[in-house]
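Notes follow once the structure below has been shown.
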Amino acid sequence: MNRTLTLNRNNASQDEEQSTEVIIGVYDALLPCRNYKIEHKIAEVGKVSLTTEFLLRLVHSVDGIPEAEVAKFFDFSPQEMTFLLNDAVSLDYVSREAGRLWLTPAGRGLFLQNDDEPQIFNVEKRTWTHGFDLVSFAPQDKDRTEPFDNHLHVLEVDQNLVSRGKDQVPPSFKKHFAEITAKQGLRSLLKRSLYSIDSVSPEDKFSAVVPIIVKASQPSLNIGEPDLLEWRPDHELDDRAPIAGAIGRFVESLRVQYHEHVMADYKLLLELAPEFLRSYSTKSGLAVDRYLRDAVSLKDHKFKINRKTVAIVGPFFSDKNAEVLLEAVARAVVYTPAICIPAKFYWRAPLRRFWGATRALPNIVGKVQSLIADKLGDEEAPPASVIMLEKKWHGPHRAFTEKQYFDTGSPPKSVEIFLVPGVAVGVLIHLPGTSTSGHVVPLGFMSVDPLVIFRTEEYLKQYGPLVVPQERVAEEDLDLPEE
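Residue 255 is where the sequence shown starts when you use this note's numbering, and the numbers rise one by one after that.
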């Protein structure tokens, strides 16, 4: 019988290890926002005749020039001069006095400093409704929200600032006018600038979703920092410092503190996957630091015939780990007969603040359901997704079709288990490594090993009912790559 092997650590220098960033948390947060109706005027570069433009340039260079000299310059008849001057005077750019031409204040305002070319504007009234966040009062587009988003953390706002939103919007609108204009699809029109803001009226409130990636570096993986570059580039974050501050406080609130006895939770990994972790087994339990270090440096996360279990660091919700989880299910579903696939799959939620508060959770659950449903065919009902919870804790249940509370006791609070009975299993321990405080660093494995899956099923059966397949795939029938 083939066994899973311990992970082979790629050679990595100490400098490389210490510079490696690890995603230890994935969250989405709701950013409170509001639409504001803004009545304003824009100055738009207009078009006048070239002759009128030349006239303005001529009078700008010789203010008070005699009309006779202008007629001579253009070689115009009296009738042509009358038409030209009437055009310039009607626009209030030129005044006529005692046979001479002068620029009006509006005419002088057309010329920028050290520029002989007039910037001729038409002023138009506009009314736009645009969203602004209620933390930094920077422009914010409206996102489509889902019922699941009620599970997301809401970023804190300064209510005093919010109550004065009408005063906060005008300077922000002015500062970001070019950005807002571009988003309105007006870039193809003539150059325009904000002429005035006449009134601001609050409209409907809404929320925008802000992705929060928490990263840490060795050797201090339990000290995480938010990375917001997946949300906005650096230059836009500079204008949203209050939001970055609110996110920083949220991430800081995720820090935990434990007694040393919780380190025994890591022993569950050894109990469920002893073959895979045999080289990390010590008299006192799992060699956490060594396993964590080797798991971080692991580059190849593909399942193979001699590697049916893969080390996981960080949440299943990161792009990399979600890919490993979905690959495990996808590969196993292919070689698993439909009769061996259960009607339910399970996700045991660890008792951790804001676990699953990310849109990645319903996305992963939906993809797992689709993979199984495709194998079962249209005649069978799609599989039910079940979240397993402590009593009196709801968790992010909207991502699942069913909730199941533990009957007799429950696994340790740090334990997360993803299980498709008979198909695939993932187990993570949510503790801050070997430290007793800091951010949790999820650590565990993802497996398609039938033995690991069976042991996990038996483990969960201690705490409540579990739907498992009556028939199982033989190990020799696992269709995995050799190398």
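From the three backbone atoms N, C-alpha and C, an ideal C-beta is built for every residue, glycine too.
Treat the numbers as computed from the prediction; the structure is a model and nothing was measured.
Beta-carbon contacts of residue i that lie in its chain and below 6 Å, excluding the five residues immediately before and after
i	result
Ser-455	Lys-291
Ile-451	His-294, Pro-424
Phe-447	What sits at residue 447 in the sequence shown is Ser, not Phe. So the list reads Ala-297, once near-sequence residues are dropped.
Lys-379	Lys-295
Ser-442	Confidence at Ser-442 is low in this model, with a pLDDT of 45, below 50, so its placement is unreliable and no value can be given for it.
Arg-354	Gly-318, Pro-320
Ile-245	Any answer about residue 245 is impossible in this case: the structure gives the chain only from 255 up to 737.
Arg-263	Residue confidence for Arg-263 is low, a pLDDT of 48 falling below 50, so the modelled location carries little weight and cannot support an answer.
Arg-652	Pro-401, Phe-402
Thr-258	For Thr-258, the predicted structure reports a pLDDT of 40, less than 50, and the residue's modelled location is therefore unreliable. A value from the coordinates is still provided. Same-chain partners within the cutoff: Glu-529, Phe-530, Lys-562, Thr-563, Asp-703.
Gln-658	Val-640, Met-642
Thr-381	Glu-293
Thr-655	Ala-638, Ser-639
Ile-618	Ala-576
Arg-613	Asp-282
DSSP three-state assignment for residue i, whether helix, strand or coil
i	result
Asp-573	helix
His-515	helix
Arg-561	strand
Tyr-589	helix
Ala-603	coil
Asp-543	helix
Tyr-281	strand
Gly-610	coil
Thr-739	Outside the modelled stretch of the chain, which goes from 255 to 737, sits residue 739, for which no answer is possible.
Ser-538	coil
Ser-390	coil
Val-567	strand
Phe-699	strand
Glu-712	helix
Lys-411	A small correction: the amino acid at residue 411 is Val; Lys does not occupy that position in the sequence shown. Coil, per DSSP.
Glu-730	helix
Glu-739	Here the chain comprises residues numbered 255 to 737, so residue 739 is not present and cannot be evaluated.
Val-694	coil
Leu-717	This sequence places Tyr at residue 717; Leu is not what is there. Three-state DSSP puts Tyr-717 in coil, outside helix and strand.
Glu-418	The question names Glu, but residue 418 is Arg in the sequence shown. Arg-418: coil per DSSP, three-state reduction.
Phe-365	coil
His-555	coil
Asp-628	helix
Pro-704	helix
Leu-345	coil
Glu-633	coil
Gln-724	coil
Beta-ladder partner(s) of residue i, from DSSP
i	result
Ala-638	Lys-598
Trp-647	Looking at the DSSP assignment, Trp-647 forms no beta bridge with any residue, so it has no partner.
Arg-354	Pro-320, Glu-351
Pro-286	Ser-461
Pro-378	Before going on, a small fix: residue 378 reads as Glu here, not Pro. Answer is Ile-296.
Glu-529	According to DSSP, Glu-529 bridges with nothing at all.
Glu-275	Ser-471
Cutoff 7 Å; reference residue i; Cβ partners in own chain excluding five residues on either side
i	result
Thr-399	Ser-461
Asp-317	Trp-356, Leu-357
Asp-519	Pro-666, Ser-668, Val-669, Ile-683, Leu-685
Asp-731	Tyr-589
Phe-431	Leu-448
Ala-325	Met-335
Leu-491	Leu-482, Ala-498
CB contact below 8 Å: residue i versus chain D
i	result
Pro-735	Chain labels in this structure do not include chain D; a single protein chain is all it has.
Spatial neighbours of residue i in its chain, beta-carbon cut-off 8 Å, leaving aside the 5 residues before and after
i	result
Val-721	Pro-596, Ala-597, Lys-598, Pro-675
Leu-409	Ala-283, Leu-284, Leu-285, Pro-286, Val-389, Val-464, Ile-497, Ala-500, Ile-501, Phe-504
Ile-477	Ala-470, Gly-692, His-693
Lys-629	Val-587, Val-588, Thr-590, Ala-592, Ile-595
Thr-260	At Thr-260 the pLDDT is 44, less than 50, meaning the model places this residue with poor confidence; the figure from the coordinates comes in the next sentence. If we look at Thr-260 and ignore the five residues flanking it on each side, its Cβ neighbours are Phe-530, Leu-531, Arg-532, Ser-533, Tyr-534.
Trp-609	Ala-603, Gly-649, Pro-650, Glu-670, His-684
Which complete beta strand (DSSP E) runs does the stretch 653-691 hold, if anything under 3 residues is left out?
656-659, 669-674, 678-683
Using 8 Å as the cut-off, can you tell me whether the stretch 555-562 makes contact with the stretch 588-599, which would need three or more C-beta pairs spanning the two stretches below that distance?
no
Worksheet item: Are the stretch 519-533 and the stretch 696-714 in contact at 8 Å, needing three or more beta carbon pairs?
Response: yes
Along the chain, which unbroken stretches of the alpha helix (DSSP H) at least 4 residues long are found entirely within the stretch 427-512? 431-437, 488-491, 495-507
Note to self: So within the stretch 289-341, which uninterrupted alpha helix (DSSP H) runs reach at least 4 residues, ignoring any that extend past its ends?
What the structure shows: 304-315, 321-328
Can we say the stretch 582-592 touches the stretch 665-678, given the rule of at least three CB pairs closer than 8 Å?
yes
Just checking, does the stretch 461-471 make contact with the stretch 277-288 on the three C-beta pairs under 8 Å criterion?
yes
Is the stretch 570-577 touching the stretch 630-639, taking contact as three or more C-beta pairs under 8 Å? no
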